[in-house]
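Sequential numbering of the sequence shown, starting at 2, is according to our numbering. Every residue gets a Cβ at the ideal spot worked out from N, C-alpha and C, and that includes glycine.
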Amino acid sequence: MSVPTGPDDPTAASAASVALPDEAGKIGRRAVLAGLAATAVGAGGLGAAGLSVAADGPAPGPAHPAMVGPAGGKGSGSPGTLREIRFWHAMSGELGRALERVVAGFNAAQGEYRVVPVYKGSYTETVTAAIFAVRSGAHPAIVQVNEIGTATMMAAKGAICPVDELMHDAGEPFDASAIVPAVAGFYSDMDGKLLSYPFNASTPILYYNKTRFRAAGLDPKAPPKTWPELEKAAARLQVSGMQAGFSTHWPSWVNVENFSAYHDLPIATRANGLRGLDAELTLSNPLLERHLTALASWQQRGIFRYGGRGTTAEPMFPNGVCGIFIGSSALAADVRANARFEIGYGMLPYWPDVPAAPRNTMIGGASLWVLRGRPDEEYRGVARFFAWLGRPDIQSAWHRETGYLPITRAAYEASRAQGFYEEHPDAELAIREVTLNPPTDNSRALRLGSFILVRDVIEEEMEAALAGGKTAKAALDAAVARGNEFLRQFERASR
Numbered sequence: 002m003s004v005p006t007g008p009d010d011p012t013a014a015s016a017a018s019v020a021l022p023d024e025a026g027k028i029g030r031r032a033v034l035a036g037l038a039a040t041a042v043g044a045g046g047l048g049a050a051g052l053s054v055a056a057d058g059p060a061p062g063p064a065h066p067a068m069v070g071p072a073g074g075k076g077s078g079s080p081g082t083l084r085e086i087r088f089w090h091a092m093s094g095e096l097g098r099a100l101e102r103v104v105a106g107f108n109a110a111q112g113e114y115r116v117v118p119v120y121k122g123s124y125t126e127t128v129t130a131a132i133f134a135v136r137s138g139a140h141p142a143i144v145q146v147n148e149i150g151t152a153t154m155m156a157a158k159g160a161i162c163p164v165d166e167l168m169h170d171a172g173e174p175f176d177a178s179a180i181v182p183a184v185a186g187f188y189s190d191m192d193g194k195l196l197s198y199p200f201n202a203s204t205p206i207l208y209y210n211k212t213r214f215r216a217a218g219l220d221p222k223a224p225p226k227t228w229p230e231l232e233k234a235a236a237r238l239q240v241s242g243m244q245a246g247f248s249t250h251w252p253s254w255v256n257v258e259n260f261s262a263y264h265d266l267p268i269a270t271r272a273n274g275l276r277g278l279d280a281e282l283t284l285s286n287p288l289l290e291r292h293l294t295a296l297a298s299w300q301q302r303g304i305f306r307y308g309g310r311g312t313t314a315e316p317m318f319p320n321g322v323c324g325i326f327i328g329s330s331a332l333a334a335d336v337r338a339n340a341r342f343e344i345g346y347g348m349l350p351y352w353p354d355v356p357a358a359p360r361n362t363m364i365g366g367a368s369l370w371v372l373r374g375r376p377d378e379e380y381r382g383v384a385r386f387f388a389w390l391g392r393p394d395i396q397s398a399w400h401r402e403t404g405y406l407p408i409t410r411a412a413y414e415a416s417r418a419q420g421f422y423e424e425h426p427d428a429e430l431a432i433r434e435v436t437l438n439p440p441t442d443n444s445r446a447l448r449l450g451s452f453i454l455v456r457d458v459i460e461e462e463m464e465a466a467l468a469g470g471k472t473a474k475a476a477l478d479a480a481v482a483r484g485n486e487f488l489r490q491f492e493r494a495s496r
């Protein structure tokens with residue numbers, strides 16, 4: 002899942018009404034920034050320059066020893082003697098502090114380079130700042146970009162350095178095949194070349210309230226596996242006194258993008274855009290129509306409660322409003338910290354009559370892109386930093402501290418050997434989902450230009466269907482027509 006980039010503020014939903022954003026139908030600041038980013042990338046390339054930006058992030062706090070590095074190690078020399086590498090990112094709060102600790106570990110473990118992390122705001126604000134910094138010659142070596150910004154970065158011809166190329170040129174040990182396929186596939190080209198370094202990856206899982214399951218006469222050890230099972234469980238929870246049976250956050254990410262991947266269904270032509278910018282949306286299909294129709298019916302019955310876009314629905318589960326919640330695996334730590342009941346975990350539901358389901362889920366999160374136009378010595382430091390990030394002990398510590406997926410099999414095995422999944426079964430469920438089956442062209446990744454804008458359109462049309470203003474088919478037809486306009490604009494701008 003992405004760090005929120007300014008979701009609309011929803012109103013509270015009743016059992017028979019939908020919580021719609023105050024400005025439904027309008028594109029807000031987030032969309033404007035996304036459009037600027039897409040236009041800046043496509044308009045004649047980005048150029049390159051070598052000016053640095055002097056800004057430091059907050060001081061790191063205590064952390065896992067593997068992330069901090071050895072006390073009094075090689076990095077204890079004077080900062081003035083080290084080559085600085087700027088790293089612009091979008092992580093705030095506890096995740097930002099965890100990132101700072103990872104960087105501090107690298108800085109302490111060697112004496113040649115000092116990575117300087119700089120928080121630049123939301124993902125959209127971070128990538129927009131980086132794009133305009135490249136054009137003005139004041140860009141960092143590394144920028145964190147969320148997964149739906151991949152097409153935007155790829156369109157920045159000549160401005161990015163593929164990670165495969167970077168590691169090879171620097172002579173750093175690197176094996177892209179060690180990365181979990183569902184993660185590597187999201188950030189690779191069709192030839193399998195890794196373009197950016199996967200950093201924070203998550204996928205949607207099912208959370209449920211075991212305490213309320215018992216009260217409703219449901220088996221607390223048996224989470225619903227299919228959508229019909231979820232419908233029955235949610236109805237029992239509502240009858241037992243809960244305000245709603247279930248909800249989700251990030252409506253398109255859960256109920257369209259990952260729903261489609263899990264059922265081996267394309268979102269768009271051209272392998273979901275991986276094979277070219279001329280992809281067209283394929284959302285108006287019988288299975289998605291059936292699913293959106295079911296959601297609208299459940300909304301009217303009070304089984305499902307729409308909680309708004311982005312992260313706004315997340316408090317509903319720990320606050321006891323709903324008994325089942327489908328959300329990012331990276332939410333697990335927050336849910337455990339705030340819920341006052343026993344929590345259970347399950348995998349994403351599927352429609353059991355679909356032969357290809359369940360396939361595998363796709364990831365959310367972000368990766369690290371390397372921008373050209375910095376001194377060669379900086380790139381040697383970036384390659385060494387990425388090699389550090391890929392170490393099994395570092396990846397395992399990052400995974401255990403943040404809840405993000407381990408990006409390599411070795412990190413997963415290291416975490417399992419330490420008994421981590423016995424205490425945190427949710428973390429292993431997420432890994433099982435993304436590795437359930439080898440990914441197909443329909444479940445590997447999305448590579449669609451201006452997808453932040455496309456996602457806004459999808460969610461606006463979903464809201465119309467949930468409110469009863471449109472049929473599911475009419476909403477999906479409109480999402481395809483409107484979304485394709487953004488895809489064509491991006492395609493023209495990127496030529």
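So does the segment 397-417 actually touch the segment 86-102, counting three or more Cβ pairs closer than 8 Å?
-> Contact between the segment 397-417 and the segment 86-102 is present, because at least three Cβ pairs lie under 8 Å.
E166 bridges to which residues according to DSSP?
-> Taking the first residue of the sequence shown as position 1, residue 166 is located at position 165. DSSP lists no beta-bridge partner residue for E166.
Among F318, P252, R456 and S397, the one whose alpha carbon lies nearest that of L293 | Position 292 of the sequence shown holds residue 293. In terms of CA proximity to L293, P252 leads the group F318, P252, R456 and S397.
Nearest-angstrom Cα separation, counted from V184 out to D442 = Here residue 442 is taken as the residue at index 441 of the sequence shown, counted from 1. Here residue 184 is taken as the residue at index 183 of the sequence shown, counted from 1. Approximately 14 Å, taken between the alpha carbons.
At 4 residues or longer, and completely inside the segment 399-434: list those alpha helix (DSSP H) runs for me, N to C.
-> Correct list: 410-418 and 421-424.
Residue span of the alpha helix (DSSP H) that contains G484, given as start and end = Counting from one through the sequence shown, the residue named residue 484 turns up at place 483. Note, G484: alpha helix (DSSP H), A473 to A494.
P353 to V336, Cα distance in whole Å?
-> Residue mapping note: residue 353 aligns to position 352 of the sequence shown, counting from 1. Residue mapping note: residue 336 aligns to position 335 of the sequence shown, counting from 1. One C-alpha to the other measures close to 29 Å.
Out of G186, T212 and N256, state which residue places its alpha-carbon closest to the alpha-carbon of H264.
-> Within the sequence shown, numbered from 1, the residue matching residue 264 stands at position 263. Closest in C-alpha terms to H264, from the list G186, T212 and N256, comes N256.
Three-state secondary structure (DSSP) of F88 = As a first step, residue 88 must be located in the sequence shown, where it is residue number 87. The answer is strand: DSSP assigns F88 an E or B state.
Go through the segment 261-344 residue by residue and report every complete run of the alpha helix (DSSP H) that reaches 4 residues or more, in order.
-> Whole alpha helix (DSSP H) segments, 4+ residues: 270-273, 287-302 and 333-339.
Cβ separation of Y307 and L430, assumed to be a contact under 8 Å, to the nearest whole Å | If you number the sequence shown from 1, residue 307 lands on position 306. If you number the sequence shown from 1, residue 430 lands on position 429. Not quite, the Cβ-Cβ distance comes to about 25 Å (not below 8 Å), so this is no contact.
Spatial neighbours of S285 within its chain, please: CB distance less than 6 Å, with the 5 preceding and 5 following residues excluded, ordered by chain position.
-> Position 284 of the sequence shown, counted from the first residue, corresponds to residue 285. Cβ neighbours of S285 beyond the five flanking positions: L477, D478 and V481.
Return the residue from the list V240, G242, A262 and E232 that minimises the CA-CA distance to S248.
-> Residue mapping note: residue 248 aligns to position 247 of the sequence shown, counting from 1. Comparing Cα positions, the closest option is E232.
Three-state secondary structure (DSSP) of P393 = Counting from 1 along the sequence shown, the entry for residue 393 is found at position 392. P393 falls in the helix class under three-state DSSP.
With distances taken from CA atoms, which of R381, W254 and I327 is nearest R456?
-> Taking the first residue of the sequence shown as 1, we reach residue 456 at position 455. Taking R456 as reference, the option from R381, W254 and I327 with the minimal CA-CA separation is W254.
Bridge partners - S203, DSSP secondary structure assignment = Here residue 203 is taken as the residue at index 202 of the sequence shown, counted from 1. Under the DSSP definition of a beta bridge, S203 partners with G365.
Kindly list the residues whose CB is nearer than 7 Å to the CB of L369, restricted to its own chain and excluding five residues on each side of it in sequence; keep chain order.
-> Start at 1 with the first residue of the sequence shown, and residue 369 comes out as number 368. These residues qualify, in order along the chain: I143, Q145, S197, Y198 and F200.
Using beta-carbon positions only, say whether L275 and A446 come within less than 8 Å of one another.
-> Translated into the one-based positions of the sequence shown, residue 275 becomes position 274. Translated into the one-based positions of the sequence shown, residue 446 becomes position 445. Yes; because the gap between Cβ atoms is below 8 Å, this pair is in contact.
From the DSSP output, read off the bridge partner residues of Y380.
-> Residue mapping note: residue 380 aligns to position 379 of the sequence shown, counting from 1. Beta-bridge partners assigned by DSSP to Y380: none are found.
Are the segment 81-98 and the segment 111-126 touching by the rule of at least three beta carbon pairs closer than 8 Å?
-> As far as the Cβ criterion goes, the segment 81-98 touches the segment 111-126, which means the pair count is three or higher.
Should G45 be labelled buried (16 or more other beta-carbon atoms within 10 Å of its own) or exposed?
-> Numbered from its first residue, the sequence shown carries residue 45 at position 44. Because the pLDDT at G45 is just 36, under 50, the model does not fix this residue reliably, and the point stays unresolved.
Euclidean distance between Cα positions of A338 and P316 | Looking up residue 338 in the sequence shown gives position 337. Looking up residue 316 in the sequence shown gives position 315. If you take the alpha carbons of A338 and P316, they lie about 12 Å apart.
Can you tell me the Cβ-Cβ gap for A134 and R373, rounded? I've got them flagged as a contact below 8 Å.
-> Looking up residue 134 in the sequence shown gives position 133. Looking up residue 373 in the sequence shown gives position 372. So it is not a contact: roughly 13 Å between Cβ atoms.
Does the distance from the C-beta atom of N438 to that of N361 stay below 8 Å?
-> Locating residue 438 in the sequence shown gives position 437, where the first residue counts as 1. Locating residue 361 in the sequence shown gives position 360, where the first residue counts as 1. Yes, these two residues count as a Cβ contact at 8 Å.
Using three-state DSSP, classify A64 as helix, strand or coil.
-> Counting from 1 along the sequence shown, the entry for residue 64 is found at position 63. A caution first: A64 carries a pLDDT of 46, below 50, which makes its placement in the model too unreliable to give a value.
For L282, which residues of its own chain have a beta-carbon under 6 Å away from its beta-carbon, when the five flanking residues on both sides are left out?
-> Within the sequence shown, residue 282 is the residue found at index 281, counting from 1. Excluding five sequence positions before and after L282, the CB atoms of its chain that fall closer than 6 Å to its own CB belong to A269, V481, G484 and N485, given in chain order.
Assigned exposure category for M191 - 16 Cβ within 10 Å defines buried | In the sequence shown, counting from the first residue as 1, residue 191 sits at position 190. When all chains shown are included, M191 counts as exposed.
Is L447 helix, strand or coil by DSSP?
-> As a first step, residue 447 must be located in the sequence shown, where it is residue number 446. If DSSP states are grouped into helix, strand and coil, L447 belongs with coil.
Using CA coordinates, which residue listed in P426, R381 and R271 is at the minimum distance from A333?
-> For the purposes of this step, residue 333 is taken as the residue at position 332 of the sequence shown. When each option's Cα is compared against that of A333, the closest is P426.
In the DSSP assignment, find the unbroken alpha helix (DSSP H) run with F452 in it and report its ends.
-> As a position in the sequence shown, residue 452 is number 451, starting the count at 1. First-last of the alpha helix (DSSP H) with F452: F452 to L467.
Nearest-angstrom Cα distance between K222 and K211?
-> Reading the sequence shown from its first residue, position 221 is the one you call residue 222. Reading the sequence shown from its first residue, position 210 is the one you call residue 211. Rounded to whole angstroms, the separation of the alpha carbons of K211 and K222 is 8 Å.
Taking the beta strand (DSSP E) that G122 falls in, what are its first and last residues?
-> Numbered from its first residue, the sequence shown carries residue 122 at position 121. Element bounds for G122: n/a, residue is neither H nor E.
Straight-line Cα distance separating S241 from R448 | As a first step, residue 448 is located in the sequence shown; it is residue number 447 there, counting from the start. As a first step, residue 241 is located in the sequence shown; it is residue number 240 there, counting from the start. Whole-angstrom Cα-Cα distance: 43 Å.
Compute the distance between the beta-carbons of A216 and L195, then report whether it is under 8 Å.
-> Within the sequence shown, numbered from 1, the residue matching residue 216 stands at position 215. Within the sequence shown, numbered from 1, the residue matching residue 195 stands at position 194. Result no, Cβ atoms of A216 and L195 do not sit closer than 8 Å.
With a CB to CB cut of under 6 Å and the five nearest residues on each side skipped, what residues in its chain are close to F452?
-> Walking along the sequence shown from the start, residue 452 turns up at place 451. The residues are I149.
Name, in chain order, the residues that DSSP records as bridge partners for V257.
-> By one-based count along the sequence shown, residue 257 stands at place 256. DSSP links V257 through a beta bridge to no other residue.
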